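Comments concern the structure below.
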Amino acid sequence: MTNQLATVANGRVAFGDAVARVAESLSPLGAAARIIAESTACTVAMKELDVAGRRIDADTEVTLTRLANRRTDAAASLRELRRQVGRTDLTAEALRQCIRNMQRALGRRGTTPDEARVYAELIHGFSADLLSHHSQQGSQVLTGIDMVLNGDAAPRLAGSAAPRRAGGGRGRGPVRGGGSR
Numbered sequence: 001m002t003n004q005l006a007t008v009a010n011g012r013v014a015f016g017d018a019v020a021r022v023a024e025s026l027s028p029l030g031a032a033a034r035i036i037a038e039s040t041a042c043t044v045a046m047k048e049l050d051v052a053g054r055r056i057d058a059d060t061e062v063t064l065t066r067l068a069n070r071r072t073d074a075a076a077s078l079r080e081l082r083r084q085v086g087r088t089d090l091t092a093e094a095l096r097q098c099i100r101n102m103q104r105a106l107g108r109r110g111t112t113p114d115e116a117r118v119y120a121e122l123i124h125g126f127s128a129d130l131l132s133h134h135s136q137q138g139s140q141v142l143t144g145i146d147m148v149l150n151g152d153a154a155p156r157l158a159g160s161a162a163p164r165r166a167g168g169g170r171g172r173g174p175v176r177g178g179g180s181r
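Be aware that the sequence shown starts at 1, since it is given in full-length UniProt numbering, and climbs by one per residue.
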């Protein structure tokens, strides 16, 4: 005998010790006692299977909802990544335009040696900024893609990271103004 109410082995139903004890308590009913105990055990087992099936259905529903939410989050993350890449292109284009403007100003007649040194320093700094900017944005995009693929929610891209200024705030050269970023 087993501890379970009913089990199936080799196509045959076997009843546990509890069913035998119930049948014994129903012994005044004679031969019907065993049939009543076993049929009731089957009814109880079927109810337990029904509850287990509903629990599995509920768990499946929760899992499907989580997957749907993950899909929604991933789609939102991808939209944010596309938006970030678009902003990156705009910021990079602004840096390139500043570099072109300063190169033209550097070659212009009437540019003093002092202005030329400032332009040269700015061109050098903005060029470094542009390289750094592309590297930084590429890393953020890759991190965002990794988060989407690995199920993390929306990427934590801190807006469009502003490129660092020429000189990196280390006290080199004059503070510059103007130029769109």
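For glycine and all other residues, C-beta sits at the position ideal for the given N, C-alpha and C. All of these numbers come straight from a predicted model, not from anything done at the bench.
Mapping DSSP to helix, strand and coil, what is residue i?
| i | result |
| --- | --- |
| T7 | strand |
| R109 | coil |
| L14 | Note on identity: in this sequence residue 14 is Ala, with Leu being the wrong assignment. Residue state, collapsed to three classes: strand. |
| G125 | helix |
| G30 | coil |
Could you tell me whether the Cβ atoms of residue i and residue j are closer together than 8 Å?
| i | j | result |
| --- | --- | --- |
| A37 | V13 | no |
| A116 | L106 | yes |
Near residue i, which residues of its chain fall below 7 Å by C-beta distance, leaving aside the five closest residues on each side in sequence?
| i | result |
| --- | --- |
| Q4 | G16 |
| G159 | Its pLDDT being 46, under 50, G159 is placed unreliably by the model, and the measurement read from it follows with that caveat. There are no such residues. |
| C42 | A6 |
| A33 | A23, L26, S27 |
Could you compute how far the alpha carbon of residue i sits from the alpha carbon of residue j?
| i | j | result |
| --- | --- | --- |
| T63 | L81 | 26 Å |
| D129 | I56 | 56 Å |
| P113 | I99 | 18 Å |
Inset, instruction - May I ask you to verify whether the segment 67 to 84 touches the segment 42 to 54, counting CB pairs closer than 8 Å and requiring at least 3? - result: The segment 67 to 84 vs the segment 42 to 54: no contact.
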